[in-house]
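These notes are about the structure you will find just below.
Protein chains: 4
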Amino acid sequence: MTERIQDVAHLGRIELLTPKLERSRWYFENLLGMEVAHIAGESVYLRGYGDYAASTLKLTESDRPGVGFVSWRTASPEALERRVKAIQQAGLGDRWHDGEFGRGRAFRFRDPDGHPMELYYEEQKYRAPAHLRSTLKNLPQKYTARGVNVRRIDHLALLCGDVAQNRSFAQATLGFDLREQVLFNNGALELGSWLSPSPVHHQVAYVLDAKGGNGRLHHISLWVDNREDVLRAADILAENGVFIEAGPSKHNNSQGFYLYSYEPGGNRVEVYSGSYLVFAPDWEVVTWNEEERGTGVYWGSPLPDSFINYGTPEVAAGKVAAKKVPVFDPI
Amino acid sequence: MTERIQDVAHLGRIELLTPKLERSRWYFENLLGMEVAHIAGESVYLRGYGDYAASTLKLTESDRPGVGFVSWRTASPEALERRVKAIQQAGLGDRWHDGEFGRGRAFRFRDPDGHPMELYYEEQKYRAPAHLRSTLKNLPQKYTARGVNVRRIDHLALLCGDVAQNRSFAQATLGFDLREQVLFNNGALELGSWLSPSPVHHQVAYVLDAKGGNGRLHHISLWVDNREDVLRAADILAENGVFIEAGPSKHNNSQGFYLYSYEPGGNRVEVYSGSYLVFAPDWEVVTWNEEERGTGVYWGSPLPDSFINYGTPEVAAGKVAAKKVPVFDPI
Amino acid sequence: MTERIQDVAHLGRIELLTPKLERSRWYFENLLGMEVAHIAGESVYLRGYGDYAASTLKLTESDRPGVGFVSWRTASPEALERRVKAIQQAGLGDRWHDGEFGRGRAFRFRDPDGHPMELYYEEQKYRAPAHLRSTLKNLPQKYTARGVNVRRIDHLALLCGDVAQNRSFAQATLGFDLREQVLFNNGALELGSWLSPSPVHHQVAYVLDAKGGNGRLHHISLWVDNREDVLRAADILAENGVFIEAGPSKHNNSQGFYLYSYEPGGNRVEVYSGSYLVFAPDWEVVTWNEEERGTGVYWGSPLPDSFINYGTPEVAAGKVAAKKVPVFDPI
Amino acid sequence: MTERIQDVAHLGRIELLTPKLERSRWYFENLLGMEVAHIAGESVYLRGYGDYAASTLKLTESDRPGVGFVSWRTASPEALERRVKAIQQAGLGDRWHDGEFGRGRAFRFRDPDGHPMELYYEEQKYRAPAHLRSTLKNLPQKYTARGVNVRRIDHLALLCGDVAQNRSFAQATLGFDLREQVLFNNGALELGSWLSPSPVHHQVAYVLDAKGGNGRLHHISLWVDNREDVLRAADILAENGVFIEAGPSKHNNSQGFYLYSYEPGGNRVEVYSGSYLVFAPDWEVVTWNEEERGTGVYWGSPLPDSFINYGTPEVAAGKVAAKKVPVFDPI
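Chains as they are written, first to last, in our numbering: chain A, 1 to 331; chain B, 1001 to 1331; chain C, 2001 to 2331; chain D, 3001 to 3331.
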């Protein structure tokens, strides 16, 4: 076994496409309590109060909802070079992009399912303006106590047509660790895989697209520090007429304490806490079969059908695959 | 309007019938963390660490699960006399009973639906043995930190054939205040009513028995101080293989934060926090129609069908009423 | 023993005097998340989202900080008459006042130490404007998720020169129940007494004025539902440069989970949760002597000296009593 | 700049010396809820329910309290070789040790201040016996709900005579990242440094020994998932007569939510949550000078003097250094 080096440090920024930019901004800014860090063209750049980067969520006006560029920060310039080489060898991209707000040049590519991604190293650290400066010197920004006030971006779940293929790509080409898997049919059907480049349980999940689409999003996830914050988030969303799809409750795989709602643009957003950190360098992947997986929850009511069937963008009827997909949930 | 005096002070003790006494004891003692205060014959007397009375829950071995005597403590000896007179006038009971553990004589009667009840005044205050003495002088018993460690008994929900009749009885004969109601068919069908003798939101709920039984129990409810304690309770029940029927989640009516499980004897038990206190002497009853009531939850998944259909004891097929009962939940 | 009737239902509204009205308003509105319900002359009327009354806190511009009228709502018009008669017999007041926002006529009087008080029955229930309407039918107002978002007013603590005298007045003339006491010198020195007209542990505390003043305030207290909300409040106050005097921590007497800060006008304000409800009609008063009382905390650091020595308004040097007052805390 | 590889994966096990083995065991097993995994000779091996390793805390009977071997697991066998070489080059150790419970051979050495340490790679994963098996497949052990039920070991703080020297050793020889520092006298006096081999904020802190001792311990720290769990821990310790030195409260540096008590053997133990993860590969060390540091707390009362002056083992008068050490706290 060759020694493995963690070249990707962490999830950088997620771009979310929305047909209702102003309403989506209201959701993230007023309800979830994120801060607008920058506005450019059709895009609004947001951040959690604990994010060290200038911006970690980019909303871009679009005809349809869905996920735009998902970016990953590497651990060093050398790591960036190594990963770019690996991606080029895999034939998945060969384009450098400059000038994104808050960072240096980025290498653009697509995962096997077609989700647009970026790798970059140079990141601009957030410098809070006076009114957003925290009284804590080690906190990048003031805790404003507006709405949910999510702390930071945590992960995302991507729908795909072939979980094994995309999971292998994340392992081999990006260097992520595999943490948990849902495997049905005695392991023949890989329904979902959870991966991470760091001790955070997962920063990306690949889950089977029940409708046979491509490049679609299941959800993005934002972190709060305590389970009580997730409960409070449910109260806030309910008071503001936002549709809550599921939770607050606890997944069995990942142990994540979740709350899923749809932001006004249609994308599923999770407010999230709990889960667990993985420190073992020789982690044994945890697998769940049909029986172990059950309804995907540790306690509480089963997840609704929409949790399996709904992703963004919605796919036209013609795109729907004929095959029947078993019930599972991509956390 | 005649001035009303609150003659009943609070819910005293609930007797729970169980066909599996030892397993039920294990559930309340080891998982919920209650303390055994007394054992006599087929009965085990339990208490929460914050209950001031010697015992607030009595488990009695029985062929079938269900509720035995529900007792109410009056505010004074005079109040007891007044209420006994009212009950006698209503023709619902005329028997004094002596010698129950921890209290003086009690007047026994039945509510219109047939649930056995008691009224009493003399209550023995709990004096903790040395190993259960709290370091807090105003706490009757040590917080043992075993399992959920529920603080005190809070309320119970009784199934009945005629909600209006039993609700009226609780108001007129026991002197309870009506807090909330679920009224369907433009108010013609009273599905549930929540009442209390004190600022606690409700100490008894009467809800329509979907199966047309008599004297049946929907659930009893035990209090913890914080929502986080309810979440922790879910983890504990799940780790011990106890069936969780619903929650943790939040009801719309009562605002109660609930977790429903079945103790091994079959009775539904709620671990409960939140809700709200009612201080207004001229409280305006809150009513919920079909649309407002929705699925009975403020957020989270709808309550399962069993929440409507299951009560203890279970009724034989022949007892099942033909009429279709709309969906609602008795908190 | 004559049967006692609870004539006072609950604490109504507290008037707080402040030399910095706009800054005080900012504190209660933006940091604690209360809502401005009315403005009249030099006064701003505020409310918690869970308060059923139109307003429960009134800020009035004044040269010096301190407490203005403390009002109590009676359980009925008859109860009001009875209590007014008792106050008149005690020679403590004889004036009816009309026209306060949100309520009918009130009888004005002073407690023995000179704190201005009111008794009233007619209360205007809050009707939320559209943008403040809750999605919960049983919640008077939307949970806005702005700052701490305190739920409701809970209690206040008044400094006085003679605790026994004022405590007796509250018991005999207002009909409050005594819950806990701090008694030093083998009971000869009554340092503090906690009283309530309802199962809420205390709605008023009388505590010895260490500086020998009159009519002064120790603190007012606002309720949140969970301990986690109190911790969050500390973060919010710290982020906004508000001086935190003590807590979050837990008192031994009352078991209250506290956080004390000074609002910009100088008055001490508590964000509060926990404590316990008292249901026993024959409650045995809990007393604390020097040793039992200790530093006034159940755990955590001792309360600072200011907690004993600071009240509003501050008294001039000449007013300072010569006698040494032992350490205690008025919760 | 040479690219750095993270050779140490995480803190492995802490050995705690105690003159009262049975009482110390009671504290960790019954109050903190850890599980005894193994007993050998004078040592008891414990674990948190979320620890993946067989054991993470070893109690060893000893004349005096203090810290024994602190072990670190490397990311691979190659990483172990590299680090051993570095230590040998630094002349700090050259001895391999076999046969410790739950792991393969370990390289023993001392940090510059003399604290005994180990490096190892082979770790035995915990396999729970039937009665301790969790219903969660990704949880190594059942959540028993006994006492505090700490999840896992988090970090420790070591006292030392020269912080800069030991901090440099941890950076250069072990490859840890520096996260925060307390620097007084315009940076001339390094009072404390917090370091970690992973995104966990810190796994070791080096802080100046106010008494001029060597090889002493400030505290070890055990993780719980929510701040509410820390509050609950304070209740549990208080109910069991354990001395609480400070907290629950929040540090400014590290943002850790802390509760410090002394286990019966005399060692300081922290129950801990909150803090923050560090993902940035180019993290800018956060430094605190006298003014910024203040009393070491973000809110709440200042830390007591003992927090600076007490460590284990206590040092004889003759050992006490003449120099005056400024106030600070080693988290």
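Heads up, the beta-carbon is just placed ideally off N, CA and C, and yes, glycines get one too.
Which whole-angstrom value describes the C-beta separation of residue i and residue j, a residue pair presumed to lie in contact below a C-beta threshold of 8 Å?
i       : j       : result
A/G161  : A/G212  : 6 Å
A/N226  : D/N3226 : 5 Å
C/R2152 : C/G2048 : 4 Å
D/Y3052 : D/P3129 : With 8 Å as the limit, D/Y3052 and D/P3129 do not qualify as a contact, their Cβ atoms being about 16 Å apart.
B/V1084 : B/L1119 : 6 Å
C/L2159 : C/G2311 : 5 Å
D/V3204 : D/L3156 : 6 Å
Looking at the strands, I want to know which residues DSSP matches up with residue i.
i       : result
B/D1177 : B/S1196
B/E1118 : B/S1071, B/R1108
C/A2164 : Answer is none; C/A2164 lacks a bridge partner.
A/H251  : A/V297
A/G345  : Residue 345 of chain A falls outside the range modelled here, since chain A spans only 1 to 331, and no answer is possible.
D/R3146 : B/R1146
D/T3060 : D/L3017, D/S3043
D/I3236 : Per DSSP, none; premise fails for D/I3236.
C/S2261 : C/I2244, C/V2269
C/Y2206 : C/L2158, C/S2193
A/I153  : A/L222
C/K2125 : C/A2053
B/H966  : Lying outside 1001 to 1331, the shown extent of chain B, residue 966 of chain B is not represented and no answer is given.
A/H10   : A/R73
D/F3184 : D/L3189
B/G1256 : B/G1274
B/L1217 : B/L1158, B/T1312
So, is the C-beta of residue i closer than 8 Å to a C-beta in chain E?
i       : result
B/Y1143 : Although the question refers to chain E, the structure presented lacks it and instead comprises the protein chains A, B, C and D.
TODO: Please specify which runs of the beta strand (DSSP E), each continuous and at least 3 residues long, are wholly inside the segment 3279-3325 of chain D, giving them in chain order.
DONE: 3286-3288, 3297-3299
Task: Cβ pair count under 8 Å reaching 3, the segment 93-100 of chain A against the segment 189-202 of chain A - done: Not touching, per the Cβ criterion.
Task: Residues within the segment 1010-1033 of chain B neighbouring chain D, beta-carbon criterion of under 7 Å - done: none
Open item on the list: Counting only Cβ-Cβ distances shorter than 8 Å, please list the residues of the segment 2182-2201 of chain C near chain B, keeping chain order.
Closed with: Within the segment 2182-2201 of chain C, the residues whose Cβ lies closer than 8 Å to some Cβ of chain B are S2198, P2199, V2200, listed in chain order.
Task: Where the segment 1264-1287 of chain B meets chain C: residues whose CB sits under 9 Å from a CB there - done: S1273, G1274, Y1276, L1277, V1278, F1279, A1280, P1281, D1282, W1283, E1284, V1286, T1287
Task: alpha helix (DSSP H) runs wholly inside the segment 2016-2050 of chain C, at least 4 long, in chain order - done: 2021-2026
Open item on the list: Any contact between the segment 202-216 of chain A and the segment 261-270 of chain A? By contact I mean 3 or more CB pairs, one from each, below 8 Å.
Closed with: no
Task: Residues within the segment 2288-2316 of chain C neighbouring chain B, beta-carbon criterion of under 9 Å - done: Legend: CB atoms of the segment 2288-2316 of chain C lying less than 9 Å from CB atoms of chain B belong to residues W2288, E2292, Y2298.
TODO: Pair every Cβ in the segment 2282-2289 of chain C with every Cβ in the segment 1170-1179 of chain B, then say whether three or more of these pairs are closer than 8 Å.
DONE: Three or more Cβ pairs closer than 8 Å define a contact, and the segment 2282-2289 of chain C falls short of that threshold against the segment 1170-1179 of chain B.
Task: the segment 2-17 of chain A touching the segment 3240-3251 of chain D, judged by at least three CB pairs closer than 8 Å - done: no
- [ ] With 7 Å as the C-beta to C-beta threshold (strictly closer), list the residues of the segment 45-78 of chain A near chain D in chain order.
- [x] Answer set for the segment 45-78 of chain A: G50, Y52, A75, S76, E78.
Open item on the list: I'd like to know if the segment 3036-3048 of chain D and the segment 3291-3302 of chain D are in contact, where contact means that at least 3 CB-CB pairs between them fall below 8 Å.
Closed with: Output reads no: the segment 3291-3302 of chain D does not touch the segment 3036-3048 of chain D.
Task: Against chain A: residues of the segment 3223-3238 of chain D by CB proximity under 8 Å - done: Those residues of the segment 3223-3238 of chain D that come within reach of chain A (Cβ to Cβ, closer than 8 Å) are D3225, N3226, R3227, E3228.
Open item on the list: Using a Cβ-Cβ cutoff of 9 Å, what residues of the segment 115-137 of chain A are near chain C? List them in chain order.
Closed with: S134, T135, L136
Open item on the list: At a CB distance below 7 Å, what residues from the segment 3159-3184 of chain D approach chain A? Give them in sequence order.
Closed with: E3180
Open item on the list: Could you check whether the segment 1069-1086 of chain B touches the segment 1025-1036 of chain B, counting it as contact only if at least three pairs of C-beta atoms, one from each stretch, sit closer than 8 Å?
Closed with: no
TODO: Would you list, in chain order, the members of the segment 1093-1107 of chain B that have their beta-carbon closer than 8 Å to a beta-carbon of chain A?
DONE: none
Task: chain D contacts from the segment 1241-1254 of chain B (Cβ-Cβ distance under 9 Å) - done: G1241
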